[in-house]
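Q:
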Amino acid sequence: MSTQVYLTVDVEDWYDGMAELGVDMPRPAVCASGLDGLAELVAGTGAVLTLFTVANYAPLVADELRTLAEAGHEIASHGPDHGHLPEEYGALVDWLRKGREELEALVERPITGFRSPRFDVPRTLGLDRYRAAIAEAGFTYVSDTSVLGPASPVQEIPVLSWGRLPIGGGSYQRLFPKAVTRSAVDRVDKAVLYYHSYDFGATLPARSEIRSVPVAKQLLGRERVEGVFIDVLQRYGSEACTGG
Ligand SMILES: [Zn+2]
C-alpha cells in the first residue's frame with residue numbers, strides 16, 4: 001500500500017511573519033503571493049490541496065483563493081491573524097471563530113479545518129480545553145503537531161513528524177536530500193505535509209537585502225522548497241484533509 005499524502009499550504013504573508021519575529025522589512029507595493037505559481041503547479045495533476053489561510057491576509061489574495069477553491073481545493077483556517085493564541089477560553093473561542101467566519105464570508109463556502117500559527121497550544125488551558133475550544137468555534141478537524149487521541153471532540157490530522165522534528169514541513173525538507181522526505185513518507189499510511197504560499201514564486205527580498213541572521217535563516221535554501229513539493233506531488237499526488 002502506498003502512502004496517502006495530504007499536501008497542505010499555509011497561506012500567509014512572509015513580511016508579516018518576519019514582523020512577528022521582530023524583524024521589520026518593508027513589504028513591496030506590488031508583491032506576488034505565490035498562489036498563482038502554486039495553482040499552475042497543481043493544475044491538471046488531479047491533486048487536491050488544503051490551504052490553511054490567515055484571515056487578515058485573505059483579502060489581499062481573494063481572487064487567487066477563489067480560483068483555487070473553484071478548482072476544488074479546500075480552504076481552511078490558519079487563524080484570524082498569525083499572532084499567538086489567546087490564553088483565556090472565551091477569548092480563544094472568539095479568536096478561532098473570527099478566523100473561520102471572515103474566511104467563509106470571503107470564499108463563500110464552509111470552513112471546517114484549523115491549524116494554529118506555529119502549532120502552538122495555549123499553555124494555561126492545556127490540550128483538552130484547546131480541542132474543546134476548536135470544536136466550539138465550529139471546526140470539525142485540526143491539523144497540528146499535538147494528539148489528544150479519542151477524547152478529542154475534533155478529528156486530529158497531525159503533520160508528519162520524525163521524533164520531535166516536524167519533517168512534514170517544507171522549511172525542514174529544504175535542508176535534506178529528497179530521499180529523506182520520501183523515506184519518512186513511505187513509513188506511514190497517511191502523511192500530512194505542509195508548505196507556505198510564499199515558496200511558490202512570491203516576491204521575497206533579494207540576497208543583497210539580507211542584513212540579519214533571522215532573515216538569512218528564513219531565506220536560506222527557500223528556493224529549494226518548490227522542487228521538494230513538486231517531487232512529492234508527482235510521486236504521491238494529494239487529497240484534501242476533508243477527503244480522507
Ligand atoms: Zn503559519
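In our numbering, the protein residues as written are 1 to 244.
Where a beta carbon is used, it is the ideal one built from N, C-alpha and C, also for glycine.
What you are looking at is a predicted structure, and each value in this text was computed from that prediction instead of being measured.
(1) Should D13 go down as buried or exposed, given a rule of 16 or more other Cβ atoms within 10 Å for buried?
(2) Please work out which residues of its chain come closer than 8 Å, Cβ to Cβ, to S161, disregarding the five sequence neighbours upstream and downstream, and give them in chain order.
(3) Taking the alpha carbon of Y194 as the reference point, which residue from T50, V23, T242 has its own alpha carbon closest?
(4) Give me the Cα-Cα distance between R27 and D16, rounded to the nearest whole angstrom.
(5) Can you tell me whether H84 sits near ligand 1, meaning its C-beta is under 7 Å from at least one heavy atom of the ligand?
(6) Taking the continuous beta strand (DSSP E) assigned at I75, which residues delimit it?
(7) Pick out the complete alpha helix (DSSP H) segments inside the region 37–89, 4 residues or longer, and give them in chain order.
(8) Count the other C-beta atoms from every protein chain shown that fall within 10 angstroms of the C-beta of Q234, then say buried if there are 16 or more, exposed otherwise.
(9) Using the Cα positions of D36 and A91, report the straight-line distance between them to the nearest angstrom.
(10) Output the boundary residues of the alpha helix (DSSP H) element that contains L233.
(11) Pick helix, strand or coil for L127, following the three-state DSSP scheme.
(12) Where do the N-terminal and C-terminal ends of the alpha helix (DSSP H) with L193 fall, by residue?
(13) Using 8 Å as the Cβ pair cut-off and three pairs as the minimum, do the region 72–88 and the region 104–119 touch?
(14) Going by DSSP, name the residue or residues bridged to F114.
(15) Name the one or two DSSP bridge partners that D10 has.
(16) Kindly identify the DSSP beta-bridge partner or partners of Q155.
(17) Less than 8 Å between the CB atoms is what I'm expecting for R109 and G138, so what's the real figure, rounded?
(18) DSSP three-state call for G169: helix, strand or coil?
(19) Leaving out five residues on either side along the sequence, give the residues of the same chain with a beta carbon under 6 Å from the beta carbon of G221.
(20) Closest to L106 by C-alpha separation, out of D199, A32, Y57, would be which residue?
(21) Please report the residue range of the alpha helix (DSSP H) in which R182 lies.
(22) Round the Cβ separation of A62 and E102 to the nearest angstrom and send it over; I've been treating them as touching at under 8 Å.
(23) Determine the contact status of E239 and Y6, defining contact as a CB-CB distance below 8 Å.
A: According to the structure shown:
(1) Taking all protein chains in view, the Cβ of D13 is crowded by 16 or more other Cβ atoms within 10 Å, so the residue is classified as buried.
(2) Answer for S161: T145, I167, G168, listed in chain order.
(3) With respect to the C-alpha of Y194, the residue from T50, V23, T242 having the closest C-alpha is T50.
(4) Rounded to the nearest angstrom, the gap between the Cα atoms of R27 and D16 is 9 Å.
(5) Every heavy atom of ligand 1 is 7 Å or more from the Cβ of H84, so no.
(6) Its beta strand (DSSP E) spans residues 74–77.
(7) Taking only runs of at least 4 residues, the alpha helix (DSSP H) segments lying wholly in the region 37–89 are 62–70.
(8) Flag for Q234 reads exposed.
(9) Roughly 35 Å separates the two Cα atoms.
(10) In this chain, the alpha helix (DSSP H) harbouring L233 covers 225–236.
(11) L127: helix per DSSP, three-state reduction.
(12) First-last for L193: 190–196, but that is the beta strand (DSSP E), not the alpha helix (DSSP H).
(13) Contact between the region 72–88 and the region 104–119 is present, with at least three C-beta pairs closer than 8 Å.
(14) As a beta-bridge residue in DSSP terms, F114 pairs with S77, V142.
(15) Paired residues: F52, H196.
(16) Answer is Y141, bridged to Q155.
(17) The Cβ separation is near 14 Å, so there is no contact.
(18) Three-state result, G169: strand.
(19) Cβ within range, chain order: R174.
(20) Ranked by Cα distance from L106, the first of D199, A32, Y57 is Y57.
(21) Start and end: 178–186.
(22) About 11 Å; that fails the 8 Å criterion.
(23) Cβ distance < 8 Å, so E239 and Y6 count as in contact.
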